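Residue numbers (our numbering), protein chains in the order written: chain A, 1 to 243; chain B, 1001 to 1098.
Report on one structure; see the data block that follows.
Now the structure itself:
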């Protein structure tokens, strides 16, 4: 199995980051570009990163045909993706009694079905290579069972089950699948959440502060490390939040 | 078109045979039983074959198809039962796309 994140390995790493136009995905893309990775990004909108090692696809992750086409196109032009960050996500805070079905479906489309579709298509290529690392995104809203986040947390709980079972199904092919559960990070995703709600949430954490893109990268680096080749099917929460 | 698809399927089976060092896959014929019963592939082999066929169809026919099917892992009705059923299934998928 080839190593990841070793000193001379960055040039060989092809990383796909979904939802790379803004927020955490954008920051992570910038970080890994600085480390010499070839980064493929995608989002529904146009690229916001200009770098010779960055290639952007304007794709909705819940569009099956578009995802399949993108992943095949990446292989044709750049090679097999060996690291996938299923970062694209959507949040919506609402009481379940006032949540529309269309919004609930939209959240599941991006968060869960997007993660499933991109994983399926990328893993098909990783299977042949007998190696690869997939990192999914949960949230502390799952273990904390946060009020007002019934649909969002449910979509992320689905990702946790998906992470564990895909780790089993893909482990046979040398592919590791793990997930990170971030705390609130100051991005667009939470800009509409009332300040009081966020303060209350931070109070439930052992370490009471906002997460940063660096905190998330630290966990991703741990999952990517060649020293972590014994780690799969795990969910790591930030901020000392426990299940 | 069916002949092209058949050649892609046979060549994909051979590639998996080479990768996995499975002698029974190295000289596939149209009558080869693939999955279920006396089939020569297990579910892991089918998973590998799916990715190989999709890739060859993209490369050789410039078509992007997805070989996902609710019956894929069914021993009795899987389109991956034999080379013949697989060719028929892929050709139907391509026709639907057109």
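Beta carbons: idealized from backbone N, C-alpha and C, even for Gly.
Since this is a predicted model, take the numbers as computed values, not measurements.
Tell me the start and end of each unbroken beta strand (DSSP E) in the segment 144-195 of chain A that is at least 3 residues and wholly inside, in chain order.
175-181
Kindly indicate which residue of A/103, A/188, A/107, A/201 has the alpha-carbon position closest to the one of residue 140 of chain A.
A/201
Please confirm whether residue 1044 of chain B and residue 1028 of chain B have their CB atoms less than 8 Å apart.
no
Could you list the residues in the segment 40-73 of chain A with a C-beta less than 8 Å from some C-beta on chain B, going in chain order?
64, 65, 68, 69, 72
Within 8 Å (strictly less), CB to CB, does residue 1096 of chain B reach chain A?
no
What distance in whole Å lies between the Cβ atoms of residue 220 of chain A and residue 135 of chain A, which are believed to be in contact at a cut-off of 8 Å?
6 Å
If you measure beta-carbon to beta-carbon, which residues of the segment 1046-1062 of chain B are closer than 9 Å to chain A?
1047, 1048, 1050, 1051, 1052, 1054, 1055, 1058, 1059
Contacting residues, own chain, Cβ-Cβ under 8 Å from residue 1014 of chain B (five flanking each side not counted)
1025, 1026, 1027, 1028
Relative to the C-alpha of residue 204 of chain A, which residue among A/157, A/143, A/114 is closest?
A/143
For residue 1104 of chain B and chain A, any beta-carbon pair shorter than 8 Å?
Nothing in the structure corresponds to residue 1104 of chain B, since chain B is present only between 1001 and 1098.
Is there a Cβ of chain A sitting closer than 8 Å to that of residue 1018 of chain B, yes or no?
no
What residues of chain B sit near residue 172 of chain A, judged by a beta carbon separation below 7 Å?
1044
With H, G and I counted as helix, E and B as strand and the rest as coil, what does DSSP make of residue 8 of chain A?
For residue 8 of chain A, the pLDDT reaches just 45, beneath the cut-off of 50, and the residue's location in the model is therefore unreliable, although a value from the coordinates is still provided. It is coil, neither helix nor strand.
Near-chain B residues of the segment 95-129 of chain A - C-beta to any C-beta below 7 Å:
124, 125, 127, 128
Can you tell me where the alpha helix (DSSP H) holding residue 1019 of chain B begins and where it ends?
1002-1020
In three-state terms, what does DSSP make of residue 1034 of chain B?
coil
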